[in-house]
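Quick note on the numbering used here: the sequence shown kicks off at 942 and runs consecutively.
Let me begin by presenting the structure, written as structure tokens, before commenting on it.
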Amino acid sequence: MDWEDKFRRLRKDSDGVNPAFPIVEEVTTQSASEPLSEPKLPETQAEKSVKSEKETVLQGLKELAVQKENESGAGIKFPGGEVKLAESTETEESISIEASESPKKLKVLFVYNYSSDALAMPEENRNQAPSEQLLSRMIKAMKMDESEYETLVIEEDKRDLILNKLAETIVEIVVPMGAIATNLVLGKQERISKVHGKFFNKDLVYKNDQVRSFQVVPVFNPEMILINPNMKRSTWMDLQKIMEKLGIPLE
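Next up, the structure:
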């Protein structure tokens, strides 16, 4: 089957891709300080059809590019252009603390800050918050053994918690969930809407010359998914990229 047949098949199968983690509670909020948006005229059936077709084509190209990249490291070439995945960004950073010489090994470290619904509950009951329950379902959908991952709860200005954790851990992929965690892990300001699902190479060089090399893949945090369920599908696609990188079957 050549790539054109694969592309046509991807286009045919791309409709109906549903996230593997359900949302139990969907919440929509609008700040009182935000101006009310102007009402939009309903889309015609033709406009919906064109929009759906464009989204299907773009998604099909993206998925096929991932497949071609995995197979040969090349993109998809066609007369007049090429579709290729963007190269990951690499950063190296020196850390002024010593790292463990007998670190624990993990596949994934999920880094996030408690959401407002969890903070409103007693600490011993926070795992019952809707955002925490959604997080559990997201991780479960990735089909990893409990020994292969850990979660790290951080605070907005406590980057040392992340650096200390990575000093005692060798991890393949760090998954910061939300803007706060992403900025702390990467050590720079990024818009989560621009970097979610992208792979960043990160090297931390500790004081005793121990190096921690890993990849960072930001995703939306569970609280934002509850507020905006439209993020659920893109988040599941981001998690599937991580699964593919780790060699976890998607089916």
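All C-beta atoms in this analysis are idealised placements derived from N, C-alpha and C, irrespective of residue type, glycine included.
These numbers were taken from a predicted model, which means no experiment stands behind them.
- Residue environment analysis places ASN1068 among the exposed positions, since fewer than 16 neighbouring C-beta atoms fall within 10 angstroms of its C-beta.
- When secondary structure is reduced to three states using DSSP, LEU1050 falls in the strand class.
- When secondary structure is reduced to three states using DSSP, ILE1095 falls in the coil class, being assigned neither helix nor strand.
- Going by beta carbons, GLY1138 and ASP1179 fall inside the 7 Å limit.
- Collapsing the DSSP output to three states places MET1083 in coil.
- Fewer than three beta-carbon pairs drawn from the region 1132-1146 and the region 1072-1081 are found closer than 8 Å, and the two stretches are therefore not classed as touching.
- Burial is judged here by how many other beta carbons sit within 10 angstroms of a residue's own beta carbon; ARG1132 has fewer than 16 and is exposed.
- By the neighbour-count definition (other C-beta atoms within 10 Å, threshold 16), ARG1153 is a buried residue.
- The C-alpha of SER1035 lies about 43 Å from the C-alpha of THR997.
- Residue pairing of ILE1111 in beta bridges, as defined by DSSP: LYS1046.
- Nearest Cα to PHE1155 within the set LEU1047, ILE1038, PHE962: LEU1047.
- As DSSP reads the structure, GLN1156 sits in a beta bridge with ILE1114, ASN1142.
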